[in-house]
Amino acid sequence: LMKVGEEAEKYDLISDLMIPVVKTYPSEMGILSTSAAIQCLGGYGFCRDFPVEQYYRDIRIDTLHEGTTGVQGQDLLGRKVTMKGGKAYKLAMEEVSKTIKEAEGIAELQAYAAQLKDAQKVFADVTDYLLAIKETGDREKFQADASLYLEMAGVLFVAWQWLLQAMVAFKALPTAIDVDKNFYQGKLVTCQYFFKYELPKLESLAKTLKSSDGLTVAIDAALFED
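With the working numbering, letter number 71 in the sequence shown gets 71, and the count goes up by one each step, no holes.
Below, the structure is given as structure tokens:
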């Protein structure tokens, strides 16, 4: 019973940590995806000839209701990462490490495991850097770029989930037939795409966050006056 209780607490904490990420990252990416769909159709994409313009308007509110992206970023960095002495954050990172270790045992996925391992280290370094700023008492500077930190967390944790799916797909492919085979192959290709085009974005976000000089909170409001 004690073990069950510990497991329940573990996943409750991880769930709490992930809420702002799960709420925001897919919402932001959904806006980009529907915008790209409009672009693919050219001028017709902007008109009612196709439904994508409606999809774009429908999804646009997702980054606003139940807390804007900025609010969710403040929640993640300002509350969730540090709650219970950082326990939720540490547990989530342990889960990522566990997946990486398992993927390292599959030759075809070792490159992805190595890439995610590097990304996890970068994310951890940025987190430590920001927490050090918090310790100075400069909370405004600490949370100035919280939305960027939220985006970086989204990239890392979605990459983690794609590696998990890739492991399942790789193990299932040898015995899969017809439609199932295409389904699993699609999972592997999508994982490959995310690791090639999306995960590298984490590096640039980290560079910006680690060079935080408080620019956005130090600007004199008078500069915006007419």
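Idealized CB from N, CA, C, for every residue including glycine.
#1: Can you grab the Cα-Cα spacing for the pair Phe224 / Lys201, in whole Å?
#2: Roughly how many angstroms separate the alpha carbons of Gln39 and Gly45, rounded to a whole number?
#3: Can you give me the Cβ contacts of Gln74 inside the same chain, cut-off strictly under 7 Å, excluding the 5 residues immediately before and after it?
#4: Quick check on DSSP: helix, strand or coil for Val280?
#5: One question on the structure: do Gly30 and Asp62 come within less than 9 Å of each other, judged by their Cβ atoms?
#6: For Glu140, I'd like the list of residues in its chain whose CB is within less than 7 Å of its CB, leaving aside the five on either flank, ordered along the chain.
#7: Taking 8 Å as the cut-off, is the CB of Asp220 close to at least one heavy atom of the ligand NAP?
#8: Specify whether the region 91-106 and the region 10-19 touch according to this definition: at least 3 beta carbon pairs, one from each stretch, less than 8 Å apart.
#9: Is the region 203-213 touching the region 118-132, taking contact as three or more C-beta pairs under 8 Å?
#10: Here's a check: name, in chain order, each residue in its chain whose Cβ is nearer than 6 Å to the Cβ of Lys10, leaving out the five neighbours to either side.
#11: Below 9 Å between beta carbons: does that hold for Glu108 and Val155?
#12: Any idea if Leu77 is buried or exposed, counting beta-carbon neighbours within 10 angstroms, 16 or more meaning buried?
Taking the coordinates as given:
#1: 31 Å
#2: 6 Å
#3: Gln143 and Ala146
#4: Residue coverage of the chain in this structure runs from 1 to 226, which leaves residue 280 outside it and unanswerable.
#5: yes
#6: Val217
#7: As far as ligands go, the structure on display features none, and thus does not contain the ligand NAP.
#8: yes
#9: yes
#10: Leu91
#11: no
#12: buried
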